[in-house]
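S.K.:
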Amino acid sequence: MRRGIAATALVAALGVTLAACGSDDKGSSGGGSKSSGELSGTVTWWDTSTVGSEDKVFKKLAEDFTKKHPKVKVEYVNVPFGDAQNKFKNAAQSGSGAPDVIRSEVAWTPDFANLGYLAPLDGTAALKDEGDFLKQAAASTKYNGKTYAVPQVIDSMGIFYNKKIFKDAGVEVPKTIDDLKSVSAQIKKKTGKTGLYLRGDDAYWFLSFLYGEGGDLVNADTKTVTVDNAAGVKAMKVVKDLVDSGAAKTDATDGFNNMQTAFKDGKVAMMINGPWAVADTYAGKEFTDKANLGIAPVPAGSAGQGAPQGGHNLAVYAGSKNLDASYAFVEYMSSPEVQAQTAKELSLLPTRTSVYGEPDVASNELITFFKPVVDKAVERPWIPETGSLFAPLVTEYTKVLTNQTSPEAGVKSTGDAYRKLLKGWK
Amino acid sequence: MAVETSSQSVAKAAGDDVARGRSRGTGKRRGKGKCSLATHWYAGAMVAPVVLVIGVIIGYPLVRGIWLSLTDANERNVERSIGVNHIPATYEFVGLDNYTAAITGDQFLGTLGWTLLWTVACVSVTFSLGLGLAVLLNRRIAGRSVYRTLLILPWAVPGFVSVFSWRFLYNKDNGLLNKILAGGGIDAIPWLNDPTWAKVSVIAVNVWIGVPFMMVALLGGLQSIPGELYEAAEMDGANAFQRFRHITLPGLRSVSSTVTLLSVIWTFNQFPVIFLLTRGGPGEATQILVTQAFKFSFEISPRDFAQSSTWGVLILILLMAFAAVYRRVLRKQGEVW
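Line by line, the protein sequences give chains A and B.
Just so you know, the UniProt record's numbering puts 119 at position 119 of the first sequence, and the rest follows in order with no gaps.
Just so you know, the UniProt record's numbering puts 220 at position 220 of the second sequence, and the rest follows in order with no gaps.
1. Alpha carbon to alpha carbon, how far is residue 419 of chain A from residue 184 of chain B?
2. If you follow the alpha helix (DSSP H) that residue 399 of chain A is in, where does it begin and where does it stop?
3. Which residues of the region 137 to 150 of chain B have a Cβ closer than 8 Å to any Cβ of chain A? Give them in chain order.
4. Does residue 300 of chain A come out as helix, strand or coil in the three-state DSSP assignment?
5. I'd like to check one pair, residue 270 of chain B with residue 280 of chain B: are the Cβ atoms closer than 8 Å?
6. Measuring straight from C-alpha to C-alpha, what distance separates residue 42 of chain A and residue 315 of chain A?
7. Rounding to the nearest angstrom, what Cα-Cα distance links residue 38 of chain A and residue 117 of chain A in this structure?
8. Quick one: measure Cβ to Cβ for residue 307 of chain B and residue 294 of chain B, integer angstroms, because I've assumed they're closer than 8 Å.
9. Hey, out of A/108, A/165, A/410 and A/412, whose CA is closest to residue 143 of chain A's CA?
10. Taking three-plus beta-carbon pairs below 8 Å as touching, is the region 274 to 281 of chain A in contact with the region 148 to 158 of chain A?
11. Answer yes if the region 225 to 232 of chain B comes into contact with the region 85 to 97 of chain B, meaning at least three C-beta pairs across the two stretches below 8 Å, and no otherwise.
12. Give me, in chain order, the residues of the same chain whose beta-carbon lies closer than 6 Å to that of residue 267 of chain B; leave out the 5 immediate sequence neighbours on both sides.
13. Three or more beta-carbon pairs under 8 Å between the region 318 to 336 of chain A and the region 65 to 77 of chain A, yes or no?
14. From A/292, A/270 and A/335, pick the residue whose C-alpha is nearest to that of residue 127 of chain A; which is it?
15. Any residues in the region 287 to 299 of chain B with a beta carbon nearer than 9 Å to a beta carbon of chain A? Which ones, in chain order?
16. Out of B/324, B/309 and B/216, which has the shortest C-alpha to C-alpha gap to residue 74 of chain B?
17. By the 8 Å beta-carbon criterion, what residues does the region 168 to 192 of chain B contribute toward chain A?
18. So, helix, strand or coil for residue 269 of chain B, using DSSP?
19. Short of 9 Å Cβ to Cβ, which residues in the region 305 to 324 of chain A face chain B?
20. Going by DSSP, what residue range makes up the alpha helix (DSSP H) through residue 419 of chain A?
21. If we count Cβ pairs, one from each stretch, closer than 8 Å, do we get three or more for the region 164 to 173 of chain A versus the region 121 to 139 of chain A?
22. Mapping the DSSP letters down to three states, classify residue 404 of chain A as helix, strand or coil.
23. Please go through the same chain and pick out, in chain order, the residues whose beta-carbon is closer than 6 Å to the beta-carbon of residue 58 of chain A, but skip the five residues on each side of it.
24. How about residue 332 of chain A and residue 112 of chain A: do their beta carbons lie closer than 8 Å?
25. With DSSP as the reference, label residue 330 of chain B as helix, strand or coil.
26. Residue 197 of chain A by DSSP, collapsed to three states: which one?
27. Could you give the distance in angstroms between the alpha-carbon of residue 221 of chain B and the alpha-carbon of residue 202 of chain B?
28. Give a yes or no on whether the minimum CB-CB distance between residue 258 of chain A and chain B is below 8 Å.
29. Applying a beta-carbon distance threshold of less than 8 Å, which residues of chain B neighbour residue 391 of chain A?
30. Examine chain B for any beta-carbon lying closer than 8 Å to the beta-carbon of residue 116 of chain A, and answer yes or no.
31. Drop a sphere of 10 angstroms on the beta-carbon of residue 157 of chain A, count the other beta-carbons inside from all chains shown, and report buried for 16 or more, exposed for fewer.
32. Note down the Cα distance separating residue 162 of chain B from residue 154 of chain B, rounded to an integer number of angstroms.
33. Going along the chain, which residues of its own chain have a beta-carbon closer than 8 Å to the beta-carbon of residue 378 of chain A, five neighbours each way excluded?
This is the structure:
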């Protein structure tokens with residue numbers, strides 16, 4: 001009997017483990033387009049936009065696709081950004097449960113393409129007016145001479161600040177890291193609040209500091225790993241110093257939510273963030289008066305200002321049963337009309353040059369602020385491994401911020417991991 | 001009432017003895033062994049589906065896992081076929097390279113150390129608390145059934161719900177725990193942001209989830225100890241501690257050895273608590289062997305299936321070794337398991 005219990009328990013435990021690994025999404029159900037011209041079937045779209053603000057707009061836009069193609073049903077699924085990359089890989093690899101269209105972060109796109117998960121879009125309906133796309137936005141969609149995605153939005157990062165707190169403390173927007181420290185100290189003294197929220201659980205937020213010191217993760221032209229050079233060490237020391245000196249607070253878990261909550265409630269005066277957070281920030285009680293939110297370029301390091309260029313693409317799953325409808329959906333979601341709509345309602349930056357000419361877009365303060373930032377933003381090398389570079393970095397970055405390792409040792413382990421990943425690189 | 005209970009347990013204890021005697025006796029079994037296939041064909045037929053299902057859901061993955069651990073398979077070189085794209089398998093057999101790499105690398109042994117510490121800490125604390133509560137609830141106290149129900153609650157709540165609630169409680173700025181501490185004038189504790197506190201936090205949650213099972217199992221064990229033994233000991237002048245040490249503990253041995261073994265295996269492989277609470281962080285501070293194996297095959301890119309399976313096989317070997325040693329120790333103490 002006892003043995004029975006043990007065996008049952010073991011089987012149950014295994015069952016739990018298996019369930020934890022399995023993906024639970026149903027694949028898009030058949031249909032398929034008819035060659036006669038009219039599209040039909042279901043297009044499942046995995047969106048990764050911010051829940052509570054962006055997702056509502058995207059859901060509505062996606063469902064409006066039915067107005068153009070009445071026989072196509074759009075199934076909108078919001079997948080949390082943090083889970084989407086793994087979830088898609090699980091589904092794509094196993095061949096079941098993957099969506100027809102995925103909103104793929106720029107760094108994921110070459111990785112997915114390299115693994116054979118994406119359908120090439122050259123010559124399909126998805127790529128309309130290709131020349132209209134911003135060059136830096138289109139860069140991440142190309143792999144091995146083919147195009148695997150269509151740019152949906154482009155972004156970069158800036159420093160968001162609470163104008164009221166700045167006024168109470170009598171400080172100006174910091175332009176350099178040194179400014180940032182003195183401004184934070186002043187804010188602490190006058191208002192008792194923390195100056196900056198620094199994300200400690202996501203290495204993307206570290207890039208501005210790395211670029212600011214003149215560093216980079218890798219140099220694809222010379223096939224060299226550069227994260228562990230002097231600039232990398234310096235950048236790691238800068239962020240550690242910001243936290244140790246009390247100028248910034250950080251978290252190793254739930255960083256994005258904690259950051260948004262702290263900033264929206266006026267508990268911190270500044271955060272580094274991108275256009276995707278604007279709509280959510282406006283929902284906070286400190287920003288019921290939208291004019292209270294200030295946005296400025298990220299503070300410069302010793303080598304100048306540098307923010308990463310990011311954004312999202314729309315890619316079609318190679319195993320989609322509904323390729324033609326999916327291509328049409330991608331074309332629609334990246335069309336000037338839809339981009340103008342998301343720019344207007346969410347202040348997201350369009351990827352089409354023509355959209356910037358629209359009056360609504362041209363007069364949008366946030367977009368006019370972010371456009372020059374994006375133009376100057378640092379592009380990453382679009383190699384298949386780009387999406388793999390963050391995992392080792394974030395572990396070491398968190399370790400440095402929580403005093404488990406030194407800045408030197410942290411970047412060194414990251415560099416070693418990169419050399420293991422990039423065979424033959426220096 | 002009391003008499004009835006004790007007479008029942010005496011009968012039960014006696015029955016137990018008989019059962020033991022029979023299973024140890026070898027004569028009967030031998031006699032039947034000869035034509036067992038012919039007489040017990042139906043037993044075989046009954047068992048067959050189970051064997052088949054277990055073979056499919058456990059046997060196949062196990063064999064495949066062992067095979068993958070002897071290759072250099074990763075996400076890029078395994079076979080897959082997506083729509084029009086068909087990518088053939090290009091991974092190769094590499095022998096025991098993965099095992100030597102895992103054992104000589106600094107990551108495996110470091111993670112193993114923390115996994116052992118985590119297991120020992122969780123099991124010992126859970127067992128002590130569970131035993132304490134069981135002894136408490138075995139007495140006649142007012143509202144006993146209410147306490148019992150309340151104490152089982154953590155077990156009834158789905159694991160991920162508990163863990164997420166704990167994550168909210170642990171939140172540094174907005175969590176309830178730090179708000180309570182602030183009320184007492186104590187500085188906020190960085191529960192999940194400091195390596196040491198994160199370790200304490202994950203252990204606390206696992207203990208919270210594990211205590212009900214221990215309590216219920218041990219309570220059952222306590223109720224099967226005949227009351228006469230306590231009465232006799234009391235007559236002989238044994239104090240409470242002596243009664244606990246010489247009657248309760250030996251009386252519980254068969255139950256406690258089983259729950260300890262189960263608890264060790266569960267805790268060693270306790271995936272959800274650590275994964276959902278800290279994802280192994282901050283850094284790698286709370287990463288145990290299973291969460292690290294999961295990380296290899298699901299969180300890094302390209303996914304390293306070979307290394308992940310290697311860790312999985314090593315975990316299996318460790319647990320099998322533990323169970324074998326444990327069983328031998330129990331047998332020496334006269335337990336049949």
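Ideal Cβ positions, reconstructed from N, Cα and C, are used throughout, including at glycine.
M.R.: From the atom records:
1. 50 Å
2. 390 to 401
3. none
4. strand
5. no
6. 16 Å
7. 26 Å
8. In fact, because the Cβ distance is near 12 Å, the residues do not count as touching under 8 Å.
9. A/108
10. yes
11. no
12. 119, 122 and 123
13. yes
14. A/335
15. 290, 294, 295, 297, 298 and 299
16. B/309
17. 171, 172, 173, 174 and 192
18. coil
19. 317, 318, 319, 320, 321 and 323
20. 407 to 421
21. no
22. coil
23. 47 and 49
24. no
25. helix
26. strand
27. 29 Å
28. yes
29. 299, 300 and 301
30. yes
31. buried
32. 7 Å
33. 207, 211, 216, 306, 307, 308 and 309
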